[in-house]
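The structure appears below as structure tokens.
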Amino acid sequence: MAVIPESAPAPARGRRWIYVVAALLCVGAIAFLLLGGLRGNIVYFRTVSEAVQENDTGRLRLAGEVVPGSISETDDGVTFEVTDGNETVAVVHRGDPPDLFAEGAPVVAEGEWDDGFAAFQSDRILINHGNEYSPPDVSSEDPSAEHPS
Amino acid sequence: MSDAGFVVAGYVITAVVLIAYIGWMAARFRRVRRGLTEEELERWR
Amino acid sequence: MISLARPAVNALGLLTLVALFVLAVLALGVVPPDAVQGDAQRLMYVHVPAAWLAYLAFFVTAVSSALYLWPRTRQPGWDLLAGSSAEIGVIFTGLTLVLGSLWGRPVWGAWWVWDARLVTTAVLFFLYLGYLALRRVPADPDVRARRAAIAALIAFVDVPIVHFSVNWWRTLHQEATVFNPDLDAQIEGSMAWTLLFAVVAFTLAYGYLMARRVQLARLEEGREERELDAAIAARVASGSERTDLEDRVPGEGTGKGNIGDPAVAGAGEHR
């Protein structure tokens with residue numbers, strides 16, 4: 001049986017700091033995630049009605065459904081209308097919308113109001129899909145459930 | 001990348017993670033067993 | 001203490017392998033694609049059970065840690081179980097994040113968003129990674145186990161926060177499909193059954209990985225204890241009276257048919 005020499009704790013003490021540092025790095029990562037990332041995002045989006053009422057300047061996210069028939073392509077993106085059932089807002093988007101962007105799709109547009117709050121200038125669109133799953137053939141009653149392509 | 005590409009990537013990553021973890025454990029098993037005495041190895045078997 | 005004989009572990013491993021293979025066939029080949037999301041939705045059958053497995057693993061860590069902290073049930077085995085389960089939990093939390101990212105890119109249009117569900121899940125990953133680091137900071141075994149147990153109970157607070165984040169706050173991430181506030185699953189039958197099968201298959205995988213990881217931990221523990229015994233013996237022989245550790249060493253008490261358990265065999269009778 002190997003006998004541990006008297007100096008055995010020395011390498012353990014060297015290793016100790018590696019794990020203390022690793023644990024502290026994890027605490028740092030958590031602080032970064034909560035303070036840097038989550039602050040201001042805990043309410044991830046505004047509904048169209050809220051956004052119209054608040055009329056905030058600065059960046060915000062606007063959520064609603066794409067009004068069927070309102071999509072038209074522009075040189076550098078698309079324009080469309082988004083509604084939450086009560087309010088409807090025109091969105092001017094620069095860039096390519098995601099694959100699932102379509103009429104009736106639930107979207108989150110990120111950007112800011114233009115001067116005079118006439119239209120929402122968006123530079124990022126996310127699809128805010130729900131937790132409902134069904135195969136393609138039983139979804140005909142839901143216009144938002146059609147495959148976009 | 002197509003939808004299928006993301007799906008295949010996801011399933012492959014899942015398999016690789018599982019295999020890697022089991023392999024890592026197997027390597028540690030071998031290392032520990034090398035340090036056992038004959039009597040202890042016999043008990044282990 | 002939970003411990004399986006080796007043939008049982010091997011049988012569980014084989015069962016897990018078959019279940020995961022069947023899951024891959026069902027999820028990739030048999031079940032229909034989603035009407036809206038198309039094939040990308042097939043990632044649900046690994047993303048959701050991976051998250052479930054992480055919750056389960058951290059729950060086991062929390063219960064084991066509580067059992068270690070309670071003096072009447074304090075045994076080194078609980079600490080060992082807690083550490084093993086947390087390691088598996090961290091791996092599957094990481095997998096959940098990666099799979100979610102792969103699902104988010106085609107469906108949301110983003111690999112990552114700063115919403116409450118994603119951020120609290122990333123926090124969960126780092127909480128338990130930090131816990132695993134803390135476990136490795138050398139100290140007296142009992143001190144180390146106690147502070148790990150306290151850390152595990154604190155970290156577990158994040159598990160319900162992750163789960164309910166989609167109900168408490170407005171997130172881009174959808175609510176739970178089955179365990180949503182109304183318990184009203186809007187998922188077609190064959191998809192629901194595949195998801196249920198996936199959860200069962202991943203739970204089997206957890207059982208197998210835990211059995212192996214605990215075996216390994218005990219084996220390594222046994223070696224550590226022998227080395228400790230040897231070091232103590234050497235110091236006693238060289239004159240310094242340090243026998244205080246010796247009484248605690250055989251603590252791995254229950255020994256319920258632990259075939260080839262060197263934590264018992266090594267520390268106990270034949271030393």
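Residue numbers (the numbering used here), protein chains in the order written: chain U, 1 to 149; chain P, 1 to 45; chain F, 1 to 271.
Glycine residues also receive a C-beta, built at the ideal position from the N, C-alpha and C atoms.
- Proximity of the region 90–101 of chain U to the region 116–129 of chain U meets the contact definition, three or more beta-carbon pairs being nearer than 8 angstroms.
- In this structure, the alpha-carbon of Trp111(F) lies about 18 angstroms from that of Gly36(U).
- Apart from sequence neighbours up to five positions away, the residues of its chain that approach Ile71(U) with a beta-carbon distance below 7 angstroms are Val78, Phe80 and Glu103, ordered along the chain.
- Secondary structure note for Asp3(P): it is in no beta strand (DSSP E), and the uninterrupted alpha helix (DSSP H) holding it is Asp3 to Arg34.
- One Cα belongs to Leu28(F), the other to Ala211(F), and the distance between them is close to 29 angstroms.
- Within 8 angstroms of the CB of Arg30(P), no CB atom of chain F is found; the nearest one sits about 11 angstroms away.
- Scanning the region 181–252 of chain F for uninterrupted beta strand (DSSP E) segments of 3 residues or longer gives nothing; none is fully contained.
- DSSP lists no beta-bridge partner residue for Gln174(F).
- About 3 angstroms separates the CB atoms of Gly109(F) and Pro98(U); that is less than 8 angstroms, so the two are in contact.
- Listed as beta-bridge partners of Ala119(U) by DSSP are Ala90(U).
- Taking a C-beta distance under 9 angstroms as the contact criterion, Val48(U) and Thr83(U) qualify as a contact pair.
- Under the three-state reduction of DSSP, Arg39(U) is assigned to coil, being neither helix nor strand.
- When Val67(U), Asn131(U) and Val108(U) are compared, the shortest CA-CA separation from Glu175(F) is found for Asn131(U).
- Taking 9 angstroms as the cut-off, the beta carbon of Val137(F) is found closer than this to the beta carbon of Val20(U).
- Taking 9 angstroms as the threshold, the shortest C-beta distance from Asp115(F) to chain U falls below it.
- Going by C-alpha positions, Pro135(U) is about 21 angstroms away from Leu102(F).
- Against Leu38(U), the close residues of chain F are Trp114, Ala116 and Val119, in the order they occur along the chain (beta-carbon pairs closer than 7 angstroms).
- For the pair of segments examined, the region 82–97 of chain F was found to touch the region 51–69 of chain F: the number of CB pairs separated by less than 8 angstroms reaches three.
- Counting along the chain, the unbroken beta strand (DSSP E) around Pro106(U) starts and ends at Pro106 to Trp113.
- Looking at the DSSP output, Glu65(U) sits in a beta bridge with Thr83(U) and Pro106(U).
- For Val98(F), the C-beta contacts it makes with chain P under 7 angstroms involve Ile13, in order along the chain.
- At a cut-off of 9 angstroms, the C-beta of Phe101(U) has a neighbouring C-beta in chain F.
- Shown here for Glu87(U): same chain residues with a beta carbon closer than 6 angstroms to its own, the five before and five after excluded, namely Val48, Ser49 and Val52 in chain order.
- Taken in chain order, the whole alpha helix (DSSP H) runs of length 4 or more contained in the region 4–35 of chain F are 6–25.
- Neighbours of Glu175(F) in chain U, taken as residues at a C-beta separation under 7 angstroms, are given in chain order as Asn131.
- Here Thr47(U) carries a strand assignment [DSSP, helix/strand/coil].
- For the set Phe101(U), Gly111(U) and Ala119(U), the Cα lying nearest the Cα of Val36(F) is the one of Phe101(U).
- Contacts with chain P at 9 angstroms (Cβ-Cβ) do not include Gly83(F).
- Three or more pairs of CB atoms, one per stretch, sit closer than 8 angstroms, so the region 195–207 of chain F contacts the region 35–53 of chain F.
- Under the DSSP assignment, Ser72(U) falls in the beta strand (DSSP E) whose first and last residues are Ser72 to Thr74.
- C-alpha of Trp17(U) to C-alpha of Arg135(F): approximately 13 angstroms in a straight line.
- Contact check for Thr177(F) against Ile187(F) passes: the beta carbons are separated by less than 9 angstroms.
- The C-beta of Ser134(U) comes closer than 9 angstroms to at least one C-beta of chain F.
- In the three-state reduction of the DSSP assignment, Leu100(U) falls in the coil class, being assigned neither a helical nor a strand state.
- Taking every protein chain shown into account, the CB of Ser190(F) has fewer than 16 other CB atoms within 10 angstroms, so this residue is exposed.
- The beta-carbon of Leu14(F) is placed no less than 9 angstroms from the nearest beta-carbon of chain P.
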